[in-house]
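Below is one structure; the comments refer to it alone.
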Amino acid sequence: MEAIPEYNCVLTTCPYCGCGCQYYLQVLDGELIGVTPCKTHPISQGKLCIKGWNSWQYVVDQGRLTKPLIKKDGKFVEASWDEALDLVAKKLKELKEKYGPDALGYLSSAKTTNEENYVMMKFARAVMGTNNVDHCARLCHASTVAGLAATFGSGAMTNSIPEIEYANVILITGSNTIEQHPLMGKRILAAKEKGAKIILVDPRAIQLSNFADMHLRQRPGTDVAWINGMMNVIIGEGLYDKEFVENFTEGFEELKKLVAEYTPEKVEKISGIPKEQLVEAARLYASGDASSIVYSMGITQHTTGTDNVKSCANLAMVTGNMGKPSTGVNPLRGQNNVQGACDLGALPVVYSGYQKVIDEAARKKFEEAWNTPNLPPENGITVVEMMNAAADGKIKGIYIMGENPMLSNPDINHVRKGLENLEFLVVQDIFLTETAELADVVLPGATYAEKDGTFTATDRQVQRVRKAIEPIGESRADWEIITDLANRMGRGDIFPYKSAKDIMDEINRVTPSYAGITYDRLDKLGRLPWPCPAEDHPGTVYLHKDGKFTRGKGLFFAVPFLEPAELPDDDYPLIMTTGRVMFHFHTGTMTRKSRELNREVPTGFVEINPADAEARKISDKDMVKVSTRRGEIEIPAMVTERVPEGIIFIPFHFKECAANVLTNPALDPVAKIPEFKVCAAQVKA
Amino acid sequence: MNDENFEPRILVFCCNWCSYAGADLAGVSRLQMPSNFRIVRVMCSGRVEPEFVMRALRNGFDGVLILACHIGDCHYIAGNHRTAKRIPLLRKLLDHVGIDSKRVMLDYVSAAEGEKFKTVISGFIDDVRQIGPIRTGLKWGA
Amino acid sequence: MADDKRVDELGKAVKEALDKGEADRVVGLKVDSDGSVRPYLWVKGDDVSALVISPKYPLSTVYRLVHEKHPDMKLGIVARGCDERALVELSKRGNIKLDEIVLIGIACNSDEAQECVCHVPYPTKISAGDKVEGVDTDELLEKIKGMSLEERGEFWSYYFGKCMKCYGCRNSCPLCTCKDCKLEQELFVTPGELPPEYPMFHLLRAFHTVGRCIGCGECEAACPMGIPLTKLYKLLRDDVKEMFGYEAGMDPEAEIPLLTDLTVNPIESGEGGA
Ligand code: SF4
Ligand code: SF4
Ligand code: SF4
Chain U
1262 MEAIPEYNCV LTTCPYCGCG CQYYLQVLDG ELIGVTPCKT HPISQGKLCI
1312 KGWNSWQYVV DQGRLTKPLI KKDGKFVEAS WDEALDLVAK KLKELKEKYG
1362 PDALGYLSSA KTTNEENYVM MKFARAVMGT NNVDHCARLC HASTVAGLAA
1412 TFGSGAMTNS IPEIEYANVI LITGSNTIEQ HPLMGKRILA AKEKGAKIIL
1462 VDPRAIQLSN FADMHLRQRP GTDVAWINGM MNVIIGEGLY DKEFVENFTE
1512 GFEELKKLVA EYTPEKVEKI SGIPKEQLVE AARLYASGDA SSIVYSMGIT
1562 QHTTGTDNVK SCANLAMVTG NMGKPSTGVN PLRGQNNVQG ACDLGALPVV
1612 YSGYQKVIDE AARKKFEEAW NTPNLPPENG ITVVEMMNAA ADGKIKGIYI
1662 MGENPMLSNP DINHVRKGLE NLEFLVVQDI FLTETAELAD VVLPGATYAE
1712 KDGTFTATDR QVQRVRKAIE PIGESRADWE IITDLANRMG RGDIFPYKSA
1762 KDIMDEINRV TPSYAGITYD RLDKLGRLPW PCPAEDHPGT VYLHKDGKFT
1812 RGKGLFFAVP FLEPAELPDD DYPLIMTTGR VMFHFHTGTM TRKSRELNRE
1862 VPTGFVEINP ADAEARKISD KDMVKVSTRR GEIEIPAMVT ERVPEGIIFI
1912 PFHFKECAAN VLTNPALDPV AKIPEFKVCA AQVKA
Chain W
3 MNDENFEPRI LVFCCNWCSY AGADLAGVSR LQMPSNFRIV RVMCSGRVEP
53 EFVMRALRNG FDGVLILACH IGDCHYIAGN HRTAKRIPLL RKLLDHVGID
103 SKRVMLDYVS AAEGEKFKTV ISGFIDDVRQ IGPIRTGLKW GA
Chain H
399 MADDKRVDEL GKAVKEALDK GEADRVVGLK VDSDGSVRPY LWVKGDDVSA
449 LVISPKYPLS TVYRLVHEKH PDMKLGIVAR GCDERALVEL SKRGNIKLDE
499 IVLIGIACNS DEAQECVCHV PYPTKISAGD KVEGVDTDEL LEKIKGMSLE
549 ERGEFWSYYF GKCMKCYGCR NSCPLCTCKD CKLEQELFVT PGELPPEYPM
599 FHLLRAFHTV GRCIGCGECE AACPMGIPLT KLYKLLRDDV KEMFGYEAGM
649 DPEAEIPLLT DLTVNPIESG EGGA
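Protein chains in written order, with our numbering: chain U, 1262 to 1946; chain W, 3 to 144; chain H, 399 to 672.
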């Protein structure tokens, strides 16, 4: 019988946002032809957003990297894998010997699988001897990890996506949920149809505003103030959950004392939120049996990001909205696997499962498991610090897997300086990105459709990624590339992996929270939420059950309000904030390859209020110049009421008018996350 | 919101061979007519896709009139047969989503019917004036 | 259980069609170890114990895709009433040939018919299950019909305002096969807007279902925002039936009304065309 037609629907996980929709990749005779939603999947339920529907085109795009490239005399020349990997191995060894292990840095990726993140951080630590490994979670939710770990003991979304549908009050702030987490946005509207009240706190008018019961429009960067203000009302009016506070938390008295200063009048002055609105919102939030906080990068990407996150945690604990279904503090993670990349230790301070590198016992454990004595005992450096160190000549070589700091990092001009200053740069990616163009060696990785593995969704659910087609050209799965490299560097003994499953087996052994998450179980159950400490454990849908916080008691932090690092002045009188649109993802390397997505929004724009536009004689669609202290871009104007007077908004996906030329690299002192959400800017016709 | 002084904005699609000539005749004969309409000449009323009508309403026209040749007189034999089926269906659709279907009207005017052109357009404008201005944007309708 | 019997019967029919060589492949559904259900191309020798019948998927689309690539293949399909009607409309548009299809029919049970508010919950040829009465009463539809013009406007404004422009309604529709979709033409729908430009996006799609929509409900099933799309399309289906006597998918010989002239589908051509 003839072998064709071969029609296959391969169940896999969406490579875009962190909602974790699974769907089928349709393969006909070995060729990827489209996406079909999976009607039995609990998140997707047979539905997808436009990105999910179009998540296959970039896989088969003509521009995919198909061969390793080596730069010779400033030009890329195709090379064999042997040649390329031998060169990388040789250079890494040389640099390590010459400058020491900490002169090298490694960027892992929230787009790649858990297995690949594990292998990358293991390579950096066990083979290269440094903790200088990080990834772009630094730029989106580092403050979540830091803030929630400090308050609750676990730096992740406390509850799960389906639960939100049954909340009575949902407070959404700094999350354009319908556009950025569409299948979560859908549940918020479903909750509303079941009677839930929705409080939206966001400077911009977004699609969600049309459905919110209240829309508070704060001045960007004043989140600590309005949250303190809400607690001022809640505590002042006795609306807080005294029992919960007494039994399950500590530090309340300091908090109470501090928020007493944040009267609605004072908060109005700081944030611009009318005091009546604040009082009403506070009462509404406190009135719910199940009130849920949903936030995203509008909270995290500030120099006070960690403070903002702690404030959200304070608010939830004060009202006892923790450890129960449909409550909690729910950061929505932007990337498909940013949760997993953090879980698997692609961070400079922890191994997989948040086991600290400075903790002697943890280090011993990994030294044994990896058969490597003397793992580095000091914390490594973060993404932004790495770029600075490169510019200062302290970092000599960087290995980047699937990241594009030339668009995603703040102050791109500075990033370029850093990367150009390196002696050796390796970039492993699926396209020749802005960053890859600066590399000495480029290694073609495979996409999610061409390999096996797992992703961890924003609500900690681990799900399978399955190979649907053979890798295009000579591209290879990222884990295979690093495994090969480790072998060439003489560590084949601890990189024996023949499949992604082999890696997961090891992850199970060394990572308590992932111990019970095996491929066999995933193939039976579909998904498992960590913590899942044993093979007979069902996983944990929501954290801190019955007020039993991971760290023991929930810890209140009395957080005073601090202004953003840069405020408008005469030269730069506008506040610039950045974000995303429905139709694109991150630096656009994937979505802009899709005709359907690119057609919707082909390039960037700056949203500017009609009043500000008129004052500058700017009309809709005019090309304008936006400048900050870091640089200047040319970009079409979108004159719209979506932004209030004095504020402009730019989505950061577009390299031809890159918002991150303008953003302020000032860092949160704890989480080292840059302040993407506020800087001072000027717009000129 | 029936404003006394409300003068509707009206778009008229006329086919080249019959109704445009009819409109022309009405003009040449100096018939007394309201002036608040714009004519778009199309080669055949069959060219008027329902999308054009929707687009016109969306862009703020309060009413759209489609004028075709009489059935049997179409220059392209049956172009207006399509119009005769589409437009009534479109009117049903408008009605289903809460847009007064009287805002869209199909009629037949020959090259010789200058007088009829005048009657039809005047009547239509009166009807739309009665309904009032269209709302655009998200709360579109009525 | 009645359903087990139906699945058994169907499994047998599929196996028989493959074993006897009536079909080289059969489009159907398969359940995997984790309980997820996917469209699958059954082939001789497969273990049909993994064959299931729900949740239903737009299988006629899978049929069309495989057929386009392998026009000479003897291709079977497990078809409910709506799947068959979709195939009928596809054949009218030249996508497939009705007489080439090996149709393995399955009758829906009364719960399913109720859920879909399906008028004809069975195909013309039944290999599994028993015919049940069609369903005519639709609460929400009656409610909408009973609304004033204003109320209807409010109703649809609310729902269309939720739309996230995923195009899932179009992508899932077995009859949306146009290569150049008008929803993607800038003249008609401004790109990049959320919700999509109202009411162009939704009216346009609604109008384009005329004469094609067989009421399978896949659009609404794919809609993340729970927009009751099938109700609007049903209203139009009723109009088309009333005006032109045309019911999509029912009679393979009947001509598509909007493409014919008045001699085939005469209507009253009165004032305002109403
Ligand atoms: S909601 Fe997120 S996970 Fe789901 S399809 Fe869209 S981008 Fe993918
Ligand atoms: S019900 Fe929806 S999906 Fe099915 S034919 Fe009609 S428009 Fe298409
Ligand atoms: S499926 Fe629903 S949300 Fe998606 S485009 Fe269609 S109507 Fe809009």
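The beta carbon of each residue, even a glycine, is placed where N, CA and C say it ideally should be.
query: 8 Å contact criterion, which Pro593/H and Gln1468/U should meet: CB distance rounded; result: 6 Å
query: Burial state of Ser37/W (16 or more Cβ within 10 Å); result: exposed
query: Ligand 3 heavy atom lying under 6 Å from the CB of Cys516/H; result: no
query: Given 8 Å, three or more beta-carbon pairs between the segment 22-29 of chain W and the segment 105-113 of chain W; result: yes
query: For Ala1410/U, the nearest candidate out of Asn1598/U, Met1837/U, Asp1832/U and Cys1573/U (CA to CA); result: Cys1573/U
query: For Asp129/W and Lys94/W, believed in contact at Cβ under 8 Å, the rounded distance; result: With a Cβ gap of about 18 Å, Lys94/W and Asp129/W do not count as contacting.
query: Contact set between Pro655/H and chain W, taken where Cβ atoms lie within less than 7 Å; result: Lys87
query: Per-residue burial, Arg491/H [other beta carbons within 10 Å of its own, 16 or more giving buried]; result: exposed
query: Three-state class that DSSP yields for Pro90/W in the structure shown; result: helix
query: Three CB pairs or more closer than 8 Å across the segment 1503-1523 of chain U and the segment 1592-1603 of chain U; result: no
query: Partners in chain W for Lys580/H, counting only beta-carbon separations shorter than 9 Å; result: Glu51 and Glu53
query: Beta carbon of Ala1362/U nearer than 7 Å to that of Trp1342/U; result: Note on residue identity: the sequence assigns Pro, not Ala, to residue 1362/U. Cβ distance not < 7 Å, so Pro1362/U and Trp1342/U don't count as in contact.
query: Rounded separation between Asp1797/U and Gly1777/U - CA only; result: 7 Å
query: CB contact below 7 Å: Pro453/H versus chain U; result: yes
query: Pair within 7 Å by beta-carbon distance, Met1397/U and Glu1621/U; result: As written in the sequence, residue 1397/U is Cys, which differs from the Met given in the question. No; because the gap between Cβ atoms is not below 7 Å, this pair is not in contact.
query: Under 8 Å from the C-beta of Tyr461/H: neighbouring residues of chain U; result: Ordered by position in chain U, no residue passes the 8 Å Cβ test against Tyr461/H, which lies about 10 Å from the chain.
query: Cα-Cα separation, Ala1255/U to Arg1399/U; result: Examination of residue 1255/U is not possible in this model, given that chain U is present from 1262 through 1946 alone.
query: Met612/H CB to nearest heavy atom of ligand 2 below 6 Å; result: Strictly speaking, residue 612/H in this sequence is Ile, with Met absent from that position. Yes.
query: Proximity test, Glu616/H beta-carbon vs ligand 2 heavy atom, cut-off 6 Å; result: yes
query: Simplified DSSP state of Thr575/H, which is helix, strand or coil; result: coil
query: Residue-chain proximity (Met471/H, chain W), Cβ-Cβ < 7 Å; result: no
query: Under 7 Å between C-beta atoms of Val158/W and Leu13/W; result: Past the edges of chain W, shown from 3 to 144, lies residue 158/W, and the structure says nothing about it.
query: Same chain only: Cβ atoms within 6 Å of Met1879/U, ignoring 5 sequence neighbours per side; result: First, the residue type needs correcting, since residue 1879/U is Ile and not Met in the sequence shown. So the qualifying residues of the chain are Val1885, Ala1898 and Ala1946.
query: Nonlocal neighbours in the same chain, by C-beta distance under 6 Å from Phe1866/U, ignoring five residues either side; result: Pro1897 and Met1899
query: Interface residues of the segment 1434-1453 of chain U facing chain H [CB-CB below 8 Å]; result: Ile1439, Glu1440, Pro1443, Leu1444, Gly1446, Lys1447, Leu1450 and Ala1451
query: Coil, strand or helix - Tyr718/H by DSSP; result: Summary: the structure shown does not reach residue 718/H, with chain H confined to residues 399 through 672, and so no result is reported for it.
query: Three or more C-beta pairs below 8 Å linking the segment 1787-1801 of chain U and the segment 1525-1540 of chain U; result: no
query: Straight-line Cα distance separating Asp1334/U from Ala1700/U; result: 12 Å
query: Three-state secondary structure assigned by DSSP to Ile1467/U; result: coil
query: Those runs of the alpha helix (DSSP H) which lie wholly inside the segment 55-111 of chain W and span at least 4 residues; result: 81-98
query: Status (buried if at least 16 other CB within 10 Å, exposed otherwise) for Leu1356/U; result: buried
query: Helix, strand or coil at Lys1886/U [DSSP, three-state]; result: strand
query: Distance, Glu1541/U Cα to Gly1641/U Cα; result: 45 Å
query: Sufficient close CB pairs (3 or more, under 8 Å) joining the segment 574-591 of chain H to the segment 465-475 of chain H; result: no
query: Unbroken beta strand (DSSP E) run spanning Trp440/H, endpoints; result: Val435 to Val441
query: Continuous beta strand (DSSP E) stretch holding Thr1839/U: start and end; result: Leu1835 to Gly1840
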